[in-house]
Amino acid sequence: MGFWKKPASGNQITHADRLWLYVVALVIMLLMVIPTVIVVPMSFSDSQYLEFPPSNWSLRWYDEYFGSAKWMRCTITSLHIGVLTMIVATPLGTMAAYALYVSGHPAARAIFVFLITPMIVPVILIAIGTFYVFGRLGLNNTIGGLVLAHTSLATPLVMIIITAALRTYDLNQERVARSLGASRLKAFFLITLPQIRFSILTAALLAFLTSFDEVIISIFISGGVNATLTKQMFSALRDYIDPTIAAISTIMVLISTALLLTTQFIEARQVKK
Amino acid sequence: MLLGLATPSILTIIAVIMIPLGWLFYLSLIGKGGGFSLENYQRMIEYKSYARVYLITFEVSILTTLVCILIGYPLAYFLAQLPQRIAGIFMLTVLLPFWTSLLVRTYAWLVLLQKKGLLNEFAMQIGLWETPVKLVHNMTGTLIGMAHIMLPFLVLPLYGAMRRIEPELMHAAANLGAKPVQAFWKVFFPMSLPGMVAGSLIVFVLCLGFYVTPAVLGGGRVVMVATQITAILENQFNWGAASALGVVLLIATLFILYLAGRMLKLDNVLFGRN
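Have a look at this one:
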């Protein structure tokens with residue numbers, strides 16, 4: 001009996017009957033991935049025009065990118081802001097998640113909903129609102145202003161990941177430590193933290209990526225010497241199709257893929273434990 | 274007190290979200306003369322161009338949601354039938370775009386969909402159409418780009434809902450004489466509905482505020498609320514009008530989420546898991 005004649009599920013549908021489903025799913029998955037990977041070969045093209053497959057290969061657009069002071073400056077700005085956002089948002093979100101989960105306070109749920117508002121409010125509103133208020137405070141076009149804005153976007157994500165981690169963790173361990181005389185702080189750092197460290201790492205990576213990939217707020221409140229990479233890319237995209245963007249995109253895809261694989265790896269290790 | 278640990282986060286949200294939103298609300302109520310006035314909201318009712326922007330926004334959001342359901346349902350169904358481990362690997366194809374920059378994906382579609390792009394060439398080679406079709410800088414391009422970005426938000430909750438359906442239920446239906454198609458529509462589909470509704474609502478709500486994709490792939494032809502807000506600020510520097518548009522967008526968003534929250538647990542809608 002071949003694979004295709006085997007029942008695929010409990011009600012006697014064979015794999016052959018399901019063939020259409022497999023084909024449809026495969027096409028959809030291809031369509032999901034193609035736009036992410038297509039930029040890789042295009043970035044090695046020699047041509048001004050975006051042709052596929054490229055007729056001649058070259059590193060011309062990478063030279064263009066790495067050789068341009070403008071692109072380099074905004075890349076460094078974006079990395080800078082991303083790392084700072086990660087450093088601020090990870091502890092902030094972890095603290096909030098821990099406080100709300102452990103306290104069991106009646107207001108905890110309301111505070112949780114309050115803290116995830118950045119995920120609900122359309123980003124364009126956050127962008128123009130901060131543009132206006134930060135403008136009055138002199139925070140526009142500064143690293144600090146962007147880090148603050150990005151932190152508010154990243155904190156809810158951190159909080160959600162850490163809350164999920166705390167749910168699978170047995171808090172009694174911390175209670176035992178405290179009953180044996182450890183302070184709450186000591187109990188957290190010695191008992192709880194080591195057990196949720198992989199989730200914290202995942203959350204930190206996501207916080208970095210949230211900031212690094214953020215476009216709309218950056219368009220409004222970043223500029224001048226502190227323009228972000230995404231702002232620069234957006235204006236380049238809107239005006240004309242600059243093949244340098246293919247090279248930058250390739251690098252960004254590499255970064256996200258590496259981060260995604262890292263988190264999957266972390267998850268796999270967690271499951272094993 | 275333990276809750277005090279949440280204070281820094283609360284302060285950040287107040288500084289970045291609440292104060293600016295409050296300010297926008299205030300600005301929307303200030304007229305050209307500088308005093309309190311509802312003229313910014315009146316203008317939205319009086320001028321047809323504003324109504325059109327909202328109409329386009331809803332049209333794009335509804336169509337994107339429909340496209341996501343049409344392609345997301347079979348995909349989630351396929352994944353839910355696989356052993357968990359293998360499904361996890363295939364799931365990476367859904368998650369990878371989730372993790373890559375929105376700008377990169379928008380750029381890629383711009384390249385793929387252009388007149389001499391890969392898609393046009395491919396379609397002409399297999400004889401789908403003879404002359405290059407305009408796929409980008411219009412509604413088609415916008416929908417393709419937005420559906421690609423939104424699909425994970427539908428597939429994740431839907432997949433979760435499908436996984437929780439006991440396979441025994443389908444066996445039982447078959448045992449009781451239901452044909453596979455009948456068992457699917459009478460047993461499986463209704464049970465997957467909560468996941469689908471949750472996913473659709475989150476897709477719809479996120480679409481309402483979209484800016485980057487319509488701006489790049491719409492080529493100025495698909496003017497959604499966010500695009501209009503930016504245009505008003507750039508061209509007229511009219512904070513009152515822009516704020517009023519934003520306030521209406523926010524209220525629409527909150528209203529839909531409120532309805533969703535009444536139908537489903539809000540956590541499910543927002544996080545798509547459990």
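As given, the protein sequences belong to chains A and B, one line each in that order.
Residues 1 to 273 in the working numbering are what the first sequence spells out, letter by letter.
Residues 274 to 547 in the working numbering are what the second sequence spells out, letter by letter.
Glycine included, C-beta positions come from ideal geometry on N, C-alpha and C.
Quick caveat, the model's predicted, so the values are computed rather than measured.
Bridge-paired residues (DSSP) for residue i
i, result
"tryptophan 57/A", "Ser45/A"
"phenylalanine 309/B", "Ile303/B"
Contact with chain A by residue i, beta-carbon distance below 8 Å
i, result
"proline 405/B", "no"
"phenylalanine 426/B", "no"
"proline 463/B", "no"
"threonine 526/B", "yes"
"serine 301/B", "no"
"histidine 529/B", "The displayed chain sequence assigns isoleucine, not histidine, to residue 529/B. For isoleucine 529/B, the answer is no, since every Cβ of chain A falls outside 8 Å of its Cβ."
"leucine 276/B", "yes"
"isoleucine 344/B", "yes"
"glycine 482/B", "yes"
"threonine 330/B", "no"
"arginine 378/B", "yes"
"threonine 413/B", "no"
"tyrosine 323/B", "no"
"leucine 383/B", "yes"
"serine 282/B", "yes"
Chain-order list of residues whose beta-carbon lies under 6 Å from that of residue i (same chain, five-residue window excluded)
i, result
"leucine 543/B", "Low confidence applies here, because leucine 543/B scores a pLDDT of 47, under 50, leaving its location unreliable; read the following figure in that light. The answer is none, since no qualifying residue turns up."
"serine 152/A", "Pro118"
"glutamate 166/A", "A small fix is needed here, since residue 166/A is leucine in this sequence, not glutamate. Answer for leucine 166/A: Tyr101, listed in chain order."
"serine 334/B", "Phe477, Cys480 and Leu481"
"aspartate 17/A", "none"
"isoleucine 28/A", "none"
"isoleucine 116/A", "Pro156"
"glycine 414/B", "Leu386, Leu408 and Leu490"
Residues near residue i in its chain [Cβ-Cβ closer than 7 Å; skip 5 each side]
i, result
"phenylalanine 3/A", "His15"
"valine 496/B", "Val326 and Ile329"
"glycine 145/A", "Phe134, Leu139 and Ile221"
"leucine 205/A", "Leu259, Thr262 and Thr263"
"isoleucine 438/B", "Phe461, Met464 and Ser465"
"aspartate 242/A", "Ala236"
Integer Cβ distance of residue i from residue j, believed to fall under 8 Å
i, j, result
"serine 465/B", "alanine 446/B", "At roughly 14 Å, the Cβ-Cβ gap does not stay under 8 Å, so serine 465/B and alanine 446/B are not in contact."
"leucine 424/B", "methionine 252/A", "Leucine 424/B to methionine 252/A, Cβ: 20 Å. No contact."
"threonine 94/A", "isoleucine 255/A", "With 8 Å as the limit, threonine 94/A and isoleucine 255/A do not qualify as a contact, their Cβ atoms being about 23 Å apart."
"glycine 418/B", "leucine 490/B", "4 Å"
"valine 384/B", "asparagine 393/B", "Contact flag wrong, Cβ pair sits at about 11 Å."
"asparagine 226/A", "isoleucine 128/A", "That belief does not hold up - the Cβ atoms of asparagine 226/A and isoleucine 128/A are roughly 19 Å apart, past 8 Å."
"cysteine 341/B", "alanine 420/B", "5 Å"
"proline 293/B", "isoleucine 81/A", "That pair is no contact at about 19 Å."
"leucine 21/A", "tyrosine 350/B", "7 Å"
"leucine 276/B", "histidine 105/A", "6 Å"
"threonine 337/B", "leucine 416/B", "6 Å"
"arginine 184/A", "arginine 175/A", "Rounded, the Cβ-Cβ distance is 10 Å, inconsistent with contact."
Cβ pair residue i, residue j closer than 8 Å
i, j, result
"isoleucine 155/A", "serine 282/B", "The question names isoleucine, but residue 155/A in the sequence shown is threonine. Taking 8 Å as the Cβ cut-off, threonine 155/A and serine 282/B qualify as a contacting pair."
"phenylalanine 462/B", "methionine 443/B", "no"
"valine 454/B", "methionine 536/B", "no"
"serine 235/A", "histidine 150/A", "no"
"phenylalanine 483/B", "isoleucine 529/B", "no"
"cysteine 74/A", "leucine 209/A", "no"
"isoleucine 290/B", "valine 121/A", "yes"
"alanine 381/B", "proline 91/A", "no"
"valine 485/B", "leucine 376/B", "yes"
"isoleucine 505/B", "alanine 514/B", "yes"
"isoleucine 160/A", "glutamine 173/A", "no"
"alanine 246/A", "valine 113/A", "no"
"leucine 386/B", "leucine 408/B", "yes"
"tyrosine 132/A", "tryptophan 512/B", "yes"
"valine 215/A", "valine 147/A", "no"
"alanine 203/A", "isoleucine 162/A", "yes"
Neighbour flag for residue i against chain B, beta carbons, 8 Å
i, result
"phenylalanine 3/A", "no"
"serine 78/A", "no"
"isoleucine 196/A", "no"
"serine 211/A", "no"
"phenylalanine 189/A", "no"
"glycine 93/A", "yes"
"serine 103/A", "yes"
"alanine 16/A", "no"
"valine 24/A", "yes"
"alanine 247/A", "no"
Contact set for residue i: own chain, Cβ-Cβ below 8 Å, skip 5 residues either direction
i, result
"methionine 364/B", "Leu352 and Tyr432"
"arginine 494/B", "His410, Asn411 and Met412"
"valine 520/B", "Leu297, Phe298 and Ser301"
"glutamate 403/B", "Met397"
"tryptophan 57/A", "Phe44, Ser45 and Asp46"
**Item:** Contact residues within the stretch 127 to 161 of chain A, judged by C-beta distance below 7 Å to chain C
**Value:** The structure shown contains no chain C; its protein chains are A and B.
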